[in-house]
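Report on the following structure.
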Ligand code: 8IG
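Residue numbers (my numbering): 13 to 288.
Written out as structure tokens, the structure is:
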């Protein structure tokens, strides 16, 4: 038998997800590195589904540490928190990387908040700062819209990506904090960090932030006409900027230190979204 199209797989997962949650979710939040602790005070879970129970979700790379989708209510808005993103650098195809977000959107989420931990290329950004993504450079050399064409009921794959990161949602975020910085996010395959020369190149190309996620998910979400809010937590200055070497441990620690503040911001944002 031939493999079903990735969008059909996502439809199947969406059906299971909605059954398990009892009703469709409204908003999805993809939680990136450094964001795990941010959801502690957001609200009592009213539903939870392990990725293991959903078709097409890859098995966890560390046994027992698979992802899950947790549902919380913010006022009358049903928010699906997606914990346990997978990356290109784990050897997954682009279609696998975007499977969770496609599943959430096909289950009913018309708004997606995509978060990540990243390095700052723009020297104006400090470690621990949240930055709204205004636009991206997809430097992964791939697209989730490549491969066999989608079933006819789907939009064409030649998707316009003007205003991919919703100006409307960014304005709502600035309603929470008028000083919210914005920047251009460069998405690379990783998993190594950049050389200082690569960071100079990326700065010349217009990038403010650099990371290993987000761009493929945004493309997949826009293909399905969901509105995207992208938000980056700066966990380190990019390579070559401080004279110090980058260390994964420091990056993880910066994420942990920022957890509470990030959670408060995420909560305020979701409240504002629910009210708008
Ligand atoms: I967290 O400095 C985090 N992720 N490519 N470069 C890239 N990805 C990152 C970085 C960084 N920090």
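Note that CB positions come from ideal geometry on N, CA and C, so glycine has one too.
This one's a predicted model, so the numbers in the text were calculated from it and none came from an experiment.
Cα-Cα separation, residue i to residue j
i           : j           : result
residue 16  : residue 122 : 24 Å
residue 21  : residue 229 : 16 Å
residue 176 : residue 126 : 12 Å
residue 88  : residue 51  : 18 Å
residue 300 : residue 206 : The chain is shown only over 13 to 288; residue 300 falls outside these bounds and no answer can be derived.
residue 265 : residue 39  : 28 Å
residue 269 : residue 128 : 15 Å
residue 140 : residue 187 : 20 Å
residue 284 : residue 137 : 24 Å
residue 106 : residue 154 : 7 Å
residue 238 : residue 211 : 31 Å
residue 11  : residue 142 : What the structure shows of the chain is the stretch from 13 to 288, and residue 11 is not part of that stretch, so it cannot be assessed.
residue 18  : residue 161 : 10 Å
residue 73  : residue 61  : 18 Å
residue 168 : residue 156 : 13 Å
Cutoff 6 Å; reference residue i; Cβ partners in own chain excluding five residues on either side
i           : result
residue 112 : 94
residue 182 : 144
residue 49  : 271
residue 53  : 275
residue 247 : 46, 129, 263, 266 and 267
residue 79  : 63, 95 and 96
residue 116 : 40 and 92
residue 30  : 36 and 119
residue 278 : 50
Chain-order list of residues whose beta-carbon lies under 7 Å from that of residue i (same chain, five-residue window excluded)
i           : result
residue 108 : 70 and 98
residue 34  : 59
residue 101 : 201, 202, 203 and 224
residue 288 : 184
Chain-order list of residues whose beta-carbon lies under 8 Å from that of residue i (same chain, five-residue window excluded)
i           : result
residue 135 : 249 and 253
residue 57  : 82, 83 and 84
residue 196 : 145, 146, 147, 148, 149, 218, 219, 220 and 221
Distance cut-off 7 Å: residue i Cβ against heavy atoms of the ligand 8IG
i           : result
residue 91  : no
residue 213 : no
residue 206 : yes
residue 259 : no
residue 129 : yes
residue 250 : yes
residue 139 : no
residue 271 : no
residue 217 : no
residue 263 : yes
residue 223 : yes
residue 195 : no
residue 202 : yes
residue 289 : The first residue shown for the chain is 13 and the last is 288, placing residue 289 beyond what the model contains.
residue 244 : no
residue 50  : no
residue 45  : yes
Classification of residue i by the beta-carbon crowding that lies within 10 angstroms, buried from 16 upward
i           : result
residue 259 : exposed
residue 217 : exposed
residue 191 : exposed
residue 170 : exposed
residue 180 : exposed
residue 209 : exposed
residue 163 : exposed
residue 243 : buried
Just to confirm the assignment: which complete beta strand (DSSP E) runs, minimum length 3, are found wholly within the segment 137-199? 142-150 and 193-199
For the segment 13-85, which segments carrying the beta strand (DSSP E) assignment without a break, of at least 3 residues, lie completely within its bounds, in sequence order? 39-43 and 57-62
Please specify which runs of the beta strand (DSSP E), each continuous and at least 3 residues long, are wholly inside the segment 197-280, giving them in chain order. 221-223 and 239-249
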